[in-house]
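Below: the structure, in structure tokens.
There are 2 protein chains.
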Amino acid sequence: MPEKSQPPLRGGRARQADVARIAGVSQTTVSLVLGGNRQGVVIQEATQARVREAAKALGYVPDPAARRLATSQNNLLGVFSFTATFPTAMEHSYYPFLVGIEQEAAEQGYDLVLFTGSSAGGAGARRQALDRVRLADGCLILGRHLPATQLHQLIEDGFPVVHIGRSAEPDVPWVGADYVAATAEVVRHLAELGHRTILLVREDDEALPSSDRELGFRTGLAAAGLRRQPKAVFRTATPESDITADWVRAKIASGITAIVAEETDSGAVWRALVKALDEAGLRAPHDVSIALLGSPPADLAGDRIPTGFDIPRADLGAAAVRMLAAQLSGIDRPQPLVHCEFRLGMTTGVPAKADNTPAH
Amino acid sequence: MPEKSQPPLRGGRARQADVARIAGVSQTTVSLVLGGNRQGVVIQEATQARVREAAKALGYVPDPAARRLATSQNNLLGVFSFTATFPTAMEHSYYPFLVGIEQEAAEQGYDLVLFTGSSAGGAGARRQALDRVRLADGCLILGRHLPATQLHQLIEDGFPVVHIGRSAEPDVPWVGADYVAATAEVVRHLAELGHRTILLVREDDEALPSSDRELGFRTGLAAAGLRRQPKAVFRTATPESDITADWVRAKIASGITAIVAEETDSGAVWRALVKALDEAGLRAPHDVSIALLGSPPADLAGDRIPTGFDIPRADLGAAAVRMLAAQLSGIDRPQPLVHCEFRLGMTTGVPAKADNTPAH
DNA sequence: AGATATAACTAATGCGCATTAGTCAATGAT
DNA sequence: ATCATTGACTAATGCGCATTAGTTATATCT
Numbered sequence: 139m140p141e142k143s144q145p146p147l148r149g150g151r152a153r154q155a156d157v158a159r160i161a162g163v164s165q166t167t168v169s170l171v172l173g174g175n176r177q178g179v180v181i182q183e184a185t186q187a188r189v190r191e192a193a194k195a196l197g198y199v200p201d202p203a204a205r206r207l208a209t210s211q212n213n214l215l216g217v218f219s220f221t222a223t224f225p226t227a228m229e230h231s232y233y234p235f236l237v238g239i240e241q242e243a244a245e246q247g248y249d250l251v252l253f254t255g256s257s258a259g260g261a262g263a264r265r266q267a268l269d270r271v272r273l274a275d276g277c278l279i280l281g282r283h284l285p286a287t288q289l290h291q292l293i294e295d296g297f298p299v300v301h302i303g304r305s306a307e308p309d310v311p312w313v314g315a316d317y318v319a320a321t322a323e324v325v326r327h328l329a330e331l332g333h334r335t336i337l338l339v340r341e342d343d344e345a346l347p348s349s350d351r352e353l354g355f356r357t358g359l360a361a362a363g364l365r366r367q368p369k370a371v372f373r374t375a376t377p378e379s380d381i382t383a384d385w386v387r388a389k390i391a392s393g394i395t396a397i398v399a400e401e402t403d404s405g406a407v408w409r410a411l412v413k414a415l416d417e418a419g420l421r422a423p424h425d426v427s428i429a430l431l432g433s434p435p436a437d438l439a440g441d442r443i444p445t446g447f448d449i450p451r452a453d454l455g456a457a458a459v460r461m462l463a464a465q466l467s468g469i470d471r472p473q474p475l476v477h478c479e480f481r482l483g484m485t486t487g488v489p490a491k492a493d494n495t496p497a498h
Numbered sequence: 139m140p141e142k143s144q145p146p147l148r149g150g151r152a153r154q155a156d157v158a159r160i161a162g163v164s165q166t167t168v169s170l171v172l173g174g175n176r177q178g179v180v181i182q183e184a185t186q187a188r189v190r191e192a193a194k195a196l197g198y199v200p201d202p203a204a205r206r207l208a209t210s211q212n213n214l215l216g217v218f219s220f221t222a223t224f225p226t227a228m229e230h231s232y233y234p235f236l237v238g239i240e241q242e243a244a245e246q247g248y249d250l251v252l253f254t255g256s257s258a259g260g261a262g263a264r265r266q267a268l269d270r271v272r273l274a275d276g277c278l279i280l281g282r283h284l285p286a287t288q289l290h291q292l293i294e295d296g297f298p299v300v301h302i303g304r305s306a307e308p309d310v311p312w313v314g315a316d317y318v319a320a321t322a323e324v325v326r327h328l329a330e331l332g333h334r335t336i337l338l339v340r341e342d343d344e345a346l347p348s349s350d351r352e353l354g355f356r357t358g359l360a361a362a363g364l365r366r367q368p369k370a371v372f373r374t375a376t377p378e379s380d381i382t383a384d385w386v387r388a389k390i391a392s393g394i395t396a397i398v399a400e401e402t403d404s405g406a407v408w409r410a411l412v413k414a415l416d417e418a419g420l421r422a423p424h425d426v427s428i429a430l431l432g433s434p435p436a437d438l439a440g441d442r443i444p445t446g447f448d449i450p451r452a453d454l455g456a457a458a459v460r461m462l463a464a465q466l467s468g469i470d471r472p473q474p475l476v477h478c479e480f481r482l483g484m485t486t487g488v489p490a491k492a493d494n495t496p497a498h
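Right, here's the structure in full:
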């Protein structure tokens, strides 16, 4: 015997069919009224009202999984990081990115799915980490160490993905900070102050952020009309031992009036530089101007603000969301580079014994 | 004319049907082999191998949306806050909770859905804020100001919800910190040091966290065998103007040897107390012992550590997840109170001019 | 030899929704 | 009076998977 009249809502949740029954229409009509009805099916105002009323009364909310299955899209953006998104040590977290991501996602009408336990796979059961993101419409990827194979599989399948931070992997869409332009601007600032011999100190690895800064450095020098200097870049793998008081004195003696330091995770270069200056009894900007290509490490936050630039992490997050949203609407990728704000600190000034004529 | 042989994989992704075709079996078999086959259908080893091989060859990955639709549970826990989850000012954020939530969610095999724009409704379209959480299997609620009506609607519908922080709303499941016990412990600590006349300073509102602390305070006094003191609690709506150097001096003169301050969002009471002591030229614990019923505000983090207790926000988040998970599996709620760790700081010591005999 | 049982699968169905192809009555045109 | 149009919907179908109810061939029992 077929039972036709089921209870208003089973399993707790109302479905379109429930709404339909109450409103006295078909499930199709409910879908039409509640979904956009972009196919332009004509439905009386009165009927629509009944449907909406019933939906509200039942607290109807579309099932994202079903929607996704039917349309291949829900309103969810994934956020995937290979390490925990919220580690106990706050400093290393992706929090600053999340600020921007959340805001922009809200703006664009998306909710966020945080895929957890991506690193270790908390529960005993091994979960095919990255693949889970396919639940969402698209996904933001945070962090450096990615499973390249899985990632490319996703992209190949046409799943929208944006990596936050310039990606070395080919074919991976990304948004990153414009270190080149930002560094060039710092150099320009120094050149305008009258510096003619500027040194870049960077760590000795081939990371993209490092080489971008060096490129920006050279760009800045060229733009300022400063001729190619032979030893304009100093590389070190061990800043603590290489950058000493003596080293600084020697550099200054050799005619250098400004030193630009790369920012790294540890802030080792900057830290060593500051310490060396201190030990040499030298003051910036009086004896030498120094600048930092990024933000100072947290523990040095109390010091005088160094000239340099700030990496707009929240903006990066927002830009990533925008880019992902663009991908989702089939629009072509917007500019993936985010501008770094120049930070005029207190560590740069006119060169000590150089002529003060503005450049050019 | 029905076309039977479609291309191996359309839309970019392989489905079970594709795997089935290649392995020469039915979609059902694929599902059985690749899924757990907990229904114990017998399938030859050789067949299973063929299926697995085909799956690997095609790079088959199950569609989570479809899986969720079929099994009607999506392994998603919602996180809803009426204000932005990641406000720009990090201090006020729910970050510490998220740390625990993320970790425990991973442990339990859940992913997290962050509902964005809950406060203002970023996009023009007004979205029925709270109802969106129905998307997940259950939801954590953060923050004080909740739309009670919608919340109760959810709960009535049997939607699993846990509020983080003790809730004043009836019937709303919650996890909270055990302020009563923690405060009592602080009092016991003071009593053991020899204090006999202790003052509690609290703000003048009826918030649950405040009254819990007062309850704990009285409990602690009673447990220490200190007789009911008439003016043991001082209430103020304006700590800055009420708690002055003179006020402190007067209190001490009246025989009080220890002051316990409630922690609030702003930390106003504690701030005022510290300032007043400073202006009065008094030092803790030499002249008077002081304790803080919570963590010091971030900007006072550099000061000497005050005796008191730490609210285990991460633990609270984790406990909330556990409780929600329990609800989802139909198990009864575990203990909703989380223990606060006693913090032995440097602001409490033996009373200045009291007898040093231990209590009791 | 016929009735059961077992092994090894497969057909069919449903999850909740979106979408396409109707259906049916009421008008309007001829 | 007949055919084509609209208006206002609804029936049917499929998304990819899990699950239940079969189906067929072979071995076992009496």
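Quick note, the sequences are listed as chains W and Z, same order. The working numbering numbers the first residue of the first sequence as 139 and each following residue consecutively. The working numbering numbers the first residue of the second sequence as 139 and each following residue consecutively. Glycine residues also receive a C-beta, built at the ideal position from the N, C-alpha and C atoms.
- Nearest Cα to Ala319 of chain W within the set W:Ala360, W:Arg373, W:Val271 and W:Leu420: W:Ala360.
- Under the criterion of beta carbons closer than 8 angstroms, Val251 of chain W and Leu214 of chain W qualify as touching, at roughly 5 angstroms.
- The Cβ of Thr485 of chain Z sits no closer than 9 angstroms to any Cβ of chain W.
- Residue environment analysis places His424 of chain Z among the exposed positions, since fewer than 16 neighbouring C-beta atoms fall within 10 angstroms of its C-beta.
- Chain-order list of chain Z residues neighbouring Gly197 of chain W: Asp269, Arg272, Gln291, Leu292 and Asp295, by C-beta distance under 8 angstroms.
- Residue-level contact check: Asn175 of chain W does not touch chain Z, since none of the beta carbons of chain Z fall below 9 angstroms from its beta carbon.
- For Gln246 of chain W and Phe297 of chain W, the gap between their C-alpha atoms comes out near 19 angstroms.
- Linking Ala208 of chain W to Arg176 of chain Z through their CA atoms gives a straight-line distance of about 27 angstroms.
- With fewer than 16 other CB atoms across the displayed protein chains lying within 10 angstroms of its CB, Gly419 of chain Z is exposed.
- Under the three-state reduction of DSSP output, Arg340 of chain Z falls in the strand class.
- For Leu170 of chain Z, the enclosing alpha helix (DSSP H) begins and ends at Gln165 to Leu172.
- By the CB criterion at 9 angstroms, Ile428 of chain W and Ala399 of chain W fall inside the cutoff.
- Looking at the DSSP output, Ala315 of chain W bridges to W:Val476.
- For Ile160 of chain Z, the enclosing alpha helix (DSSP H) covers residues Gln154 to Ala161.
- Residue environment: Lys194 of chain Z is assigned as exposed (fewer than 16 neighbouring CB atoms within 10 Å of its CB, all protein chains considered).
- In chain order, Ala203, Ala204 and Leu207 make up the part of chain Z whose C-beta sits under 7 angstroms from the C-beta of Leu207 of chain W.
- For Glu245 of chain Z, there is no enclosing beta strand (DSSP E); the residue is part of the alpha helix (DSSP H) that begins and ends at Tyr233 to Gln246.
- Not one beta carbon of chain W lies nearer than 9 angstroms to the beta carbon of Ser467 of chain Z.
- When secondary structure is reduced to three states using DSSP, Gly405 of chain W falls in the coil class, being assigned neither helix nor strand.
- Counting C-beta atoms within 10 angstroms of its own C-beta, Gln465 of chain Z has 16 or more neighbours from the protein chains shown and is therefore classed as buried.
- With a cutoff of 9 angstroms on beta-carbon distance, Thr395 of chain Z and Arg334 of chain Z are scored as near each other.
- Chain order gives no chain W residues near Thr335 of chain Z, where near means a beta carbon separation below 9 angstroms; the closest approach is about 40 angstroms.
- Ranked by Cα distance from Ala187 of chain Z, the options Z:Asp201, Z:Ile160, Z:Ser210 and Z:Pro202 are led by Z:Ile160.
- Pairing Tyr232 of chain W with Leu280 of chain W, the inter-Cα distance amounts to about 8 angstroms.
- At a cut-off of 9 angstroms between C-beta atoms, Thr166 of chain W does not count as an interface residue with respect to chain Z.
- By the criterion of a C-beta distance shorter than 6 angstroms, Gly483 of chain W is surrounded in its chain by Ile443, Pro444 and Thr445, once the five residues flanking it on both sides are discounted.
- For His290 of chain Z, the enclosing alpha helix (DSSP H) has its first and last residue at Ala286 to Glu294.
- With contacts defined by Cβ atoms closer than 9 angstroms, Leu278 of chain W and Val299 of chain W form a contacting pair.
- Residues of chain Z with a Cβ closer than 9 angstroms to the Cβ of Val251 of chain W are, in chain order, Leu214, Asp249, Leu250, Val251 and Leu252.
- Annotation for Ile397 of chain W: the continuous beta strand (DSSP E) segment containing it runs Ala396 to Glu400.
- Of the residues assessed, Glu191 of chain W falls on the exposed side of the cut-off, its CB having fewer than 16 other CB atoms within 10 angstroms.
- Glu183 of chain Z sits exposed, since fewer than 16 C-beta atoms from the chains shown fall within 10 Å of its C-beta.
- Beta-bridge annotation (DSSP): Arg373 of chain Z is paired with Z:Arg340.
- Within chain Z, no residue has its beta carbon less than 9 angstroms from that of Arg190 of chain W; the closest one is some 11 angstroms off.
- Separation of the CB atoms of Thr321 of chain W and Phe355 of chain W is rounded to 5 angstroms, and the pair is thereby assigned contact status at 8 angstroms.
- In the structure shown, Asp350 of chain Z adopts helical secondary structure according to DSSP, grouped into three states.
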